[in-house]
Amino acid sequence: MDNMEYHRLASKYLPTVYKAAVNCCRNKEDADDAVQNTFLKLLKTDTVFESDEHVKSWLIRVAVNECKTMFRSFGRKKVTSLEELETEPSYTDDHCG
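Per the numbering used here, residue 182 is the first one in the sequence shown, and the count goes up by one each step.
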């Protein structure tokens, strides 16, 4: 894929891919990362697209998969922000008698 074609597709589908990523990730920061990874994959892919609709569906699928990958990573599991906690966190040590 040449630069002109990449820029055409990126400018055409960026809003659509971003909306799909925000919907899947549920926050803008993770969606930004997913979209960036998605368009990097577009730049590197050897896929021969049949039409612009094929590109669009491919981009959305890759963006959703990127969001899912982020949530599967070890550091993302069972994380709650301090603002979301209703009570102050406390430390208990069950090993001390």
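No residue lacks a Cβ here, since even glycine has one placed at the ideal position from N, Cα and C.
Going by C-alpha positions, M185 is about 16 angstroms away from S232. Put simply, of D211, C205, N204, K222 the residue whose alpha carbon is nearest the alpha carbon of Y187 is K222. Per DSSP, E231 is not a residue of any alpha helix (DSSP H), being assigned neither H nor E.
Scanning E264, F252, C248, S254 for the CA closest to the CA of V203 turns up C248. For E264, no alpha helix (DSSP H) segment is defined, and its DSSP state is neither H nor E.
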